[in-house]
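Data block below; observations after.
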């Protein structure tokens, strides 16, 4: 879930919520000079400069998803979902 999505002039959001399937990755390119990713609240903070690429992909560690509708949490293809984040510059 994207908390504060950014878009340029006359641009539309393509994806602000969803899942990354096992074996796939989601790449996001930063358009902000001084962006920040906050993971687990403020427990893990990653600075992201303009032009940086963020890669979201499956991890070996389980991820507990909070704040989703019950039917989304219990969807058979979403059980034991895993995710991790890698920031590439």
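Numbering (my numbering), first residue to last: -7 to 81. For glycine and all other residues, C-beta sits at the position ideal for the given N, C-alpha and C. This structure is a prediction, so every number in the text was calculated from the model and none was measured.
Extent of the continuous beta strand (DSSP E) to which residue i belongs
i, result
"residue 46", "45 to 54"
"residue 27", "26 to 31"
Helix, strand or coil at residue i [DSSP, three-state]
i, result
"residue 39", "strand"
"residue 17", "strand"
Candidates the options, of which the one nearest residue i by Cα
i, options, result
"residue 15", "58, 51 and 29", "51"
"residue 59", "-3, 2, 26 and 9", "9"
"residue 56", "32, -3, 24 and 22", "32"
Supposed contact pair residue j and residue i - C-beta distance, whole angstroms, cut 8 Å
i, j, result
"residue 46", "residue 20", "4 Å"
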